[in-house]
Amino acid sequence: MAELLLTAPERVSYLASDLERENTVALLRYHLLAGRLTLEEFERRAGESYEAREVSGLWNAVRGLPVEAGRPPTTDDRSGNGRAVGALVTGLAGLWMLMISAGILSFLALPFSVTAWALGRAGGGGAIARAGTVMGAIGTVVSLVWLAGCSMLTAGFS
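Anchor point for the sequence shown: position 91 equals 194 in the numbering used here, and the numbering is continuous, going up by one each time.
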């Protein structure tokens, strides 16, 4: 695997947390077990880590030690976009069924609307996902009201 040397950033001046200190000592322990540090060097650097007030002191404790290069972070996450578009399409299909049939197909529109609502909520916080969620919610409410009205008329309530 490719290895890089840990180098301190130009200027890091914020205070170090206890968790950051513990992580630095764990990294030093890893390098001790790998044979890159002697026990004396580990103890000295661990002491520097525990005494470090700022993050720059933690960088000083791990100076010159290699780190494995990780995968670069990905910013292209399309998994939520598919659900968002699916939510919008099924929400529009459910509303279209309700409007074209004047509510008669509400028993078919209800599953579309509920699916759109669920997909929109799972699709993330984008505008398309919100639109699908809204379409699904509107279709679900209208379908349920229409079905309740039809049930009441069928049962003889007026």
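Even glycine gets a Cβ: it sits at the ideal position worked out from N, Cα and C.
Since the structure is predicted, the reported quantities are computational estimates derived from the model, not experimental observations.
On the CB-based measure, 16 or more other CB atoms within 10 Å of its CB, does F210 come out buried or exposed?
Position 107 of the sequence shown, counting from 1, holds the residue named residue 210. The residue in question, F210, is exposed, as its Cβ has fewer than 16 Cβ neighbours within 10 Å.
When DSSP labels each residue in this structure, what does L118 get in the three-state scheme?
As a first step, residue 118 is located in the sequence shown; it is residue number 15 there, counting from the start. Note: L118 maps to strand in three-state DSSP.
In terms of residues, what are the limits of the alpha helix (DSSP H) holding L161?
Taking the sequence shown and counting its residues from 1, the one referred to as residue 161 is at position 58. V158 to A164 is the extent of the alpha helix (DSSP H) around L161.
Where the alpha helix (DSSP H) through G138 begins and ends:
Here the question's residue 138 lines up with position 35 in the sequence shown. From DSSP, G138 is part of no alpha helix (DSSP H); its letter is neither H nor E.
Just to confirm, are A221 and G197 a CB contact at a threshold of 7 Å?
Counting from 1 along the sequence shown, the entry for residue 221 is found at position 118. Counting from 1 along the sequence shown, the entry for residue 197 is found at position 94. It is not a contact, given that the beta carbons lie outside the stated cut-off.
Near T127, which residues of its chain fall below 7 Å by C-beta distance, leaving aside the five closest residues on each side in sequence?
Taking the sequence shown and counting its residues from 1, the one referred to as residue 127 is at position 24. Here the set comprises S152, L161, A164 and V165.
Using a threshold of 7 Å, state whether the C-beta atoms of M238 and A225 are closer than that.
In the sequence shown, the residue the question calls residue 238 occupies position 135. In the sequence shown, the residue the question calls residue 225 occupies position 122. Not a contact, by the Cβ cut-off of 7 Å.
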